[in-house]
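Peer 1: So the sequence shown is residues 6 to 160, counted in the numbering used here.
Starting off with a structure, shown below.
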Amino acid sequence: MESITADFIGNSVEASRTSSGYAYAQGGAIYNEANIGSINGLFKDNAAGSIGGAIYNNGKIGSIDGIFVNNSATGGGGAIYNYGNYDGIDNTIGSISGLFIGNNSLESGGAIYNYDYSAIGDITADFVDNTSEYSGGAIYNGGGGGRFASIGSIT
6 MESITADFIG
16 NSVEASRTSS
26 GYAYAQGGAI
36 YNEANIGSIN
46 GLFKDNAAGS
56 IGGAIYNNGK
66 IGSIDGIFVN
76 NSATGGGGAI
86 YNYGNYDGID
96 NTIGSISGLF
106 IGNNSLESGG
116 AIYNYDYSAI
126 GDITADFVDN
136 TSEYSGGAIY
146 NGGGGGRFAS
156 IGSIT
């Protein structure tokens, strides 16, 4: 997909149980497992019953430019969750720019959660009143099992 330009307001996805366990609710507004050139827009009051209140990425996104207001996730990444190296694929977001206000995660990364071999090139943004219950009120950058995520620069 070349690009997405739109406003995403009040979208949600809820987690539910299946006979084999949990069906995770990821990406309240956008769930990506492929390639997107760019995403531009307003993301307001979106929610995920698991991770990535507004955007969940398990693929490649060239750039994200937006205003993220009051998005929430019961897991990580109140606004954006970037998950890396699932099935040997290096997942990346080229750049993130914009404004993040009042996003919330009940785990880590109130605004942005970058995890497990994933990479974000650069972040140029303002972060205001974002919260998380554990780590990174604005940004969480970490890995699991000896794997590390990376962010080029934050300005």
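Virtual Cβ for every residue (Gly too), placed ideally from N, Cα, C.
Every value quoted in this text rests on a predicted model; they were computed, and no experiment measured them.
#1: Indicate whether ALA116 and GLY81 have their beta-carbon atoms separated by less than 8 angstroms.
#2: May I have a chain-ordered list of the beta strand (DSSP E) segments no shorter than 3 residues that lie completely inside the stretch 87–152?
#3: Going by C-alpha distance, which of GLY32, GLY64, TYR145, GLU38 is nearest LYS49?
#4: What are the boundary residues of the beta strand (DSSP E) that includes ILE35?
#5: What are the residues that DSSP puts in a beta bridge with ASP70?
#6: Taking the Cβ atom as the reference point for each residue, do ILE41 and ILE85 lie within a distance shorter than 8 angstroms?
#7: Give the DSSP bridge partners of ASP8, in chain order.
#8: To the nearest angstrom, how far is it from the Cα of TYR88 to the Cα of ASP131?
Peer 2: Considering the structure as presented:
#1: Taking the sequence shown and counting its residues from 1, the one referred to as residue 116 is at position 111. Taking the sequence shown and counting its residues from 1, the one referred to as residue 81 is at position 76. Their beta carbons are not under 8 angstroms apart, which means ALA116 does not touch GLY81 by this criterion.
#2: 97–106, 117–120, 124–133, 144–147
#3: Position 44 of the sequence shown, counting from 1, holds the residue named residue 49. LYS49 has its Cα closest to that of GLY32, out of GLY32, GLY64, TYR145, GLU38.
#4: Walking along the sequence shown from the start, residue 35 turns up at place 30. Per DSSP, ILE35 belongs to the beta strand (DSSP E) from 35–37.
#5: In the sequence shown, residue 70 corresponds to position 65, counting from 1. BP columns for ASP70 point to ASN45, SER102.
#6: Along the sequence shown, read from residue 1 onward, the residue named residue 41 stands at position 36. Along the sequence shown, read from residue 1 onward, the residue named residue 85 stands at position 80. No, the Cβ-Cβ distance between ILE41 and ILE85 is not below 8 angstroms.
#7: Position 3 of the sequence shown, counted from the first residue, corresponds to residue 8. Per the sequence shown, residue 8 should be read as Ser rather than Asp. Paired residue(s): SER43.
#8: Counted from its first residue, the sequence shown places residue 88 at position 83. Counted from its first residue, the sequence shown places residue 131 at position 126. Distance between the alpha carbons of TYR88 and ASP131 is about 22 angstroms.
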